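The next block holds one structure in the form of structure tokens; read it before the comments.
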Amino acid sequence: MKITFLGTGTSQGVPVIACECNVCQSHDSRDKRLRSSILVEYENATFIVDTGPDFREQMLRAQVKRLDAILITHAHKDHIGGLDDVRAFNYKQRTSIDVYSRSDVQESIKREFSYAFAKNRYPGVPKITLHTIENTPFLINKIPIIPIDVLHYRIHVFGYRFGDFTYITDANYISDDEKKKIMGTKVLVINALRKEKHISHFTLNEAIEIISEIKPQQAYLTHISHLMGLHQDVEKELPANINLAYDGLVINV
97 MKITFLGTGT SQGVPVIACE CNVCQSHDSR DKRLRSSILV EYENATFIVD
147 TGPDFREQML RAQVKRLDAI LITHAHKDHI GGLDDVRAFN YKQRTSIDVY
197 SRSDVQESIK REFSYAFAKN RYPGVPKITL HTIENTPFLI NKIPIIPIDV
247 LHYRIHVFGY RFGDFTYITD ANYISDDEKK KIMGTKVLVI NALRKEKHIS
297 HFTLNEAIEI ISEIKPQQAY LTHISHLMGL HQDVEKELPA NINLAYDGLV
347 INV
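Positions 97 to 349 (our numbering) are the ones given, in order, by the sequence shown.
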């Protein structure tokens, strides 16, 4: 299984256009982050987790040729805002794109992209087939996927486990029962917004605490705000088995 980090950033914080901090002005490509998303590639299937506003750019940058399914973590704009751009895959693959999410997320998608679900659809609108998932394992193309139910303040968000790889974004609480579903994973990706306390995201130290409890072989931090600091500086502060993820990073699990 091949994992590509399409984006490791967040909409949180000062817009780059108005920011003069060291991170936003950095020449290190690892400090240039699109909204968080990953590409999961098997021999017989290609999945995307989340389609934020940068979705089109991410697909072009990663040269994604085929898309079998999209998994949505939650309905915030920075995770569904680019869903309209699946129409390019509709055209190329001549089929609707399967989108998997919990039912409340589907209602948000239907409101946000109502034209895609209208009775009399305008030619060329995106073709999306919604699939309802709950907090139980499911299959896509015979590949088992385990949802991980986490809290983003008061919002339920799904992380996903693919075999020995677990991806969690936009969380600040994971129950003991959900942690049990993560145990044994070899690679854990978890959000760490910044060093200071936040109402709905893990801080750097909080993410490290979760990682130390789960004990994966390797962990990566994602959904990183520019308030975290420079990539090269933060990396020096991390334990040996933890790294900051960056856009374009590819790992094999």
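Glycine residues also receive a C-beta, built at the ideal position from the N, C-alpha and C atoms. Please read all numbers here as calculations on a predicted model, not as lab measurements.
Considering Cα atoms alone, identify which of the options is closest to residue i.
i	options	result
Gln121	Ile338, Ile347, Leu323	Leu323
Ser133	Pro219, Val119, Phe298, Met155	Met155
Cys115	Ser321, Ile278, Val136, Ile304	Ser321
Lys291	Thr299, Glu331, Met97	Thr299
Lys161	Leu289, Tyr218, Phe254, Gln189	Gln189
Ile99	Ile242, Arg257, Pro335	Arg257
Thr228	Glu153, Asp200, Thr191	Asp200
Arg131	Ser271, Val330, Val346, His319	His319
Please look up how many angstroms separate the CB atoms of residue i and residue j, rounded, as I've assumed it's under 8 Å.
i	j	result
Leu167	Tyr196	5 Å
Among the residues of its own chain, which have a CB less than 6 Å from the CB of residue i, if the five just before and after it don't count?
i	result
Ile236	Ala165
Leu226	Val195, Gln202
Leu247	Tyr269
Val182	Ile193, Pro222
Roughly how many whole angstroms lie between the Cα atoms of residue i and residue j?
i	j	result
Ala341	Ile264	13 Å
Asp266	Asp273	18 Å
Ile338	Gly259	20 Å
Tyr316	Tyr211	37 Å
Asp174	Arg198	17 Å
His123	Asn216	48 Å
Gly148	Phe213	19 Å
Val145	Lys282	19 Å
Lys277	Glu230	15 Å
His295	Thr169	Looking at the sequence provided, one finds Ile at residue 295 rather than His. The alpha-carbon atoms of Ile295 and Thr169 are separated by roughly 18 Å.
Glu305	Tyr249	18 Å
Kindly indicate which three-state DSSP category residue i falls into: helix, strand or coil?
i	result
Lys223	coil
Leu323	helix
Lys215	coil
Asn118	coil
His252	strand
Apart from the five residues on each side of it in sequence, which residues of its chain come closer than 7 Å, Cβ to Cβ, to residue i?
i	result
Asp180	Phe209, Pro222
Asn118	Leu326
Phe185	Leu163, Ile193
Ordered along the chain, which non-local residues of its own chain (more than five positions away) have a Cβ less than 8 Å from that of residue i?
i	result
Ala141	Asp164, Ala165, Ile236, Asn237, Ile239
Just checking: is the beta-carbon of residue i within a distance shorter than 8 Å of some beta-carbon in chain C?
i	result
Asp272	Absent here is chain C; the protein component of the structure consists of one chain.
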